[in-house]
Amino acid sequence: MNIRICGTGSALPERKISNDDLSQIMDTSDEWISSRTGIKTRHLATEETTTSLATEAAKKALADADMKPEEVELIIAATVTPDHLVPTLSCEVQREIGTVNAVAFDLGAACSGFLFALSTAQAYIASGRFKNALLIGAEVLSKIMDWNDRSTCVLFGDGAGAAVVRADEENLCHVVQGSDGAKGLVLACKNRPVNNPYHKMDGPLDYVSMNGQEVYKFAVRMVPATITKVLEEADLQTDDISLFVLHQANLRIIEAVAKRLKQPMDKFPVNLTECGNVSAASVPILLD
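First residue of the sequence shown: 0, per numbering that gives the first Met the number 0; consecutive thereafter.
Spelled out as structure tokens, the structure:
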């Protein structure tokens with residue numbers, strides 16, 4: 000049993016920050032950021048929260064799918080920036096939108112989170128356990144950024160996207176997944192350290208750190224290889240594909256992937272110029 004995306008929705012914070020705005024608070028410029036990343040603006044939360052953005056996106060996705068909240072059977076929320084450790088983001092959204100019959104849980108896989116949510120939903124639906132799912136990718140990354148690190152904080156934005164999927168016997172769905180924990184510290188953010196009566200926390204809280212060159216090299220090597228592999232399994236050619244929906248990390252990465260696949264850039268939709276890298280939310284926002 001395969002799945003079909005039958006509704007999407009997205010939500011972005013009201014406040015939009017340009018590269019020129021950032022140049023007023025740190026040593027950077029529009030030329031420096033845009034030439035290296037393609038990013039021109041990003042949205043940053045002020046009044047919004049991860050939950051409020053996720054809720055708005057979820058409501059829009061349900062409306063787009065013409066689905067009532069009580070019909071939802073499964074909610075999977077992908078995030079690394081929930082408002083609470085407990086309750087989970089998925090349960091908070093469940094409360095806000097009234098999906099009283101849904102099983103709800105979160106998963107944390109950073110930028111690949113929404114795709115893991117999609118494949119997890121497909122596996123559940125294929126097993127017969129559920130007939131539909133509400134998938135959410137939501138991040139307020141601005142709260143884990145070091146705003147003194149111009150090489151990292153300028154890349155990211157806040158936002159949420161959601162999609163409703165249903166069982167579909169005729170739709171084509173092939174999945175290729177992988178993980179490389181050995182390179183995990185190339186893009187990292189530590190959780191709260193041990194802090195109890197016998198061992199006190201030493202030092203300040205941690206923020207996102209990234210080795211941009213290593214991330215670029217990994218993505219440019221692995222993304223085309225993974226696309227090629229999944230197309231082979233589906234008995235398709237790159238020329239058969241109308242659109243390649245990629246995580247929106249860096250325009251240079253997307254351009255390099257297109258070049259390696261020998262495909263035109265107009266097959267690769269882009270919104271990172273306006274949204275920046277929104278981690279788990281980037282793909283569902285782009286789908287919307």
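Just so you know, even glycine gets a beta-carbon here, dropped at the ideal spot from N, CA and C.
Model, not experiment: these values are computed from the prediction.
N-terminal and C-terminal residue of the beta strand (DSSP E) that ALA166 is part of:
Taking the sequence shown and counting its residues from 1, one reaches residue 166 at position 167. It spans 157-167 - the beta strand (DSSP E) in which ALA166 sits, taken as one unbroken run.
Q) Are LEU106 and HIS246 touching if we call contact CB-CB under 9 Å? A) Position 107 of the sequence shown, counted from the first residue, corresponds to residue 106. Position 247 of the sequence shown, counted from the first residue, corresponds to residue 246. No, the pair does not count as a contact, with Cβ atoms beyond the cut-off.
Check: In chain order, what residues of the same chain have a beta carbon less than 6 Å from the beta carbon of SER320, not counting five sequence neighbours either side?
Finding: Since the first residue shown for the chain is 0 and the last is 287, residue 320 is missing from the structure and cannot be characterised.
**Asked** How would you write the range of the beta strand (DSSP E) that PHE104 sits in, first residue to last?
**Response** Counted from its first residue, the sequence shown places residue 104 at position 105. That run of the beta strand (DSSP E) goes 102-106.
- [ ] Specify, as a first and last residue, the run of the beta strand (DSSP E) that ASN131 falls within.
- [x] Working through the sequence shown from its first residue, we reach residue 131 at position 132. Per DSSP, ASN131 is one residue of the beta strand (DSSP E) stretching across 131-139.
Self-check item: C-beta contact flag for ALA255 and ALA108 at 9 Å
Solution: For this step, residue 255 is matched to residue 256 along the sequence shown. For this step, residue 108 is matched to residue 109 along the sequence shown. No. Outside cutoff.
*asked:* Quick check on the DSSP output: what are the complete alpha helix (DSSP H) runs of length 4 or more inside the stretch 181-247, in order along the chain?
replied: The qualifying runs are 211-232.
* To do: Output the distance between the C-alpha atoms of MET264 and LYS199, rounded to the nearest integer angstrom.
  => Reading the sequence shown from its first residue, position 265 is the one you call residue 264. Reading the sequence shown from its first residue, position 200 is the one you call residue 199. The alpha-carbon atoms of MET264 and LYS199 are separated by roughly 52 Å.
*Could you round the C-beta distance between ASN345 and SER28 to whole angstroms and report it? I think they count as a contact, below 8 Å.*
No answer is possible for residue 345: the residues shown for the chain start at 0 and end at 287.
key: For ALA181 and CYS188, the rounded distance between their alpha carbons   = Your numbering for residue 188 matches position 189 in the sequence shown. Your numbering for residue 181 matches position 182 in the sequence shown. Their backbone Cα atoms lie some 15 Å apart in a straight line.
For GLY97, count the other beta carbons within 10 Å of its own beta carbon; 16 or more makes it buried, fewer makes it exposed. Which is it? On the sequence shown, position 98 is the one that residue 97 refers to. That one is exposed.
Closest by C-alpha distance to PRO283, when choosing among ILE38, THR78, LEU21
For the purposes of this step, residue 283 is taken as residue 284 along the sequence shown, with counting starting at 1. The residue with the shortest Cα to Cα distance from PRO283 is THR78.
- Query: Helix, strand or coil for GLY37 per DSSP?
  - Reply: Mapped onto the sequence shown, residue 37 falls at position 38. Three-state DSSP puts GLY37 in coil, outside helix and strand.
Sequence-distant residues of the same chain with beta carbon closer than 8 Å to ARG14, five excluded per side:
Translated into positions along the sequence shown, residue 14 becomes position 15. Same-chain partners within the cutoff: HIS42, LEU43, ALA44, THR45.
* To do: Indicate whether ALA53 and ALA224 have their beta-carbon atoms separated by less than 9 Å.
  => The residue given as residue 53 occupies position 54 in the sequence shown. The residue given as residue 224 occupies position 225 in the sequence shown. Contact: no.
Margin query: Closer than 8 Å is the cut-off here; do at least three beta carbon pairs connect the stretch 122-130 with the stretch 234-245?
Written below: Fewer than three beta-carbon pairs drawn from the stretch 122-130 and the stretch 234-245 are found closer than 8 Å, and the two stretches are therefore not classed as touching.
| For LYS15, which residues does DSSP report across the bridge? | Your numbering for residue 15 matches position 16 in the sequence shown. HIS42.
Item to check | Pairwise C-alpha distance: ALA166 and ASP145 | outcome: Translated into the one-based positions of the sequence shown, residue 145 becomes position 146. Translated into the one-based positions of the sequence shown, residue 166 becomes position 167. Rounded to whole angstroms, the separation of the alpha carbons of ALA166 and ASP145 is 42 Å.
Measure the alpha-carbon distance for GLU55 versus VAL214 and round it to whole angstroms.
Your numbering for residue 55 matches position 56 in the sequence shown. Your numbering for residue 214 matches position 215 in the sequence shown. The straight-line gap from Cα to Cα measures roughly 31 Å.
For a test of the three-state rule: what should DSSP assign to GLY275, helix, strand or coil? What you label residue 275 is simply residue 276 of the sequence shown in a count that begins at 1. The answer is coil: DSSP assigns GLY275 none of H, G, I, E or B.
### Query
If you draw a straight line from the alpha carbon of ASP205 to that of GLU169, how long is it in whole angstroms?
In the sequence shown, counting from the first residue as 1, residue 205 sits at position 206. In the sequence shown, counting from the first residue as 1, residue 169 sits at position 170. Going from the Cα of ASP205 to the Cα of GLU169 covers about 47 Å.
Checklist entry - How close, in whole Å, do the beta carbons of VAL164 and CYS5 come, if the pair is a contact with beta carbons under 8 Å? => result In the sequence shown, counting from the first residue as 1, residue 164 sits at position 165. In the sequence shown, counting from the first residue as 1, residue 5 sits at position 6. Right, the Cβ-Cβ distance comes to about 7 Å (below 8 Å), so this counts as a contact.
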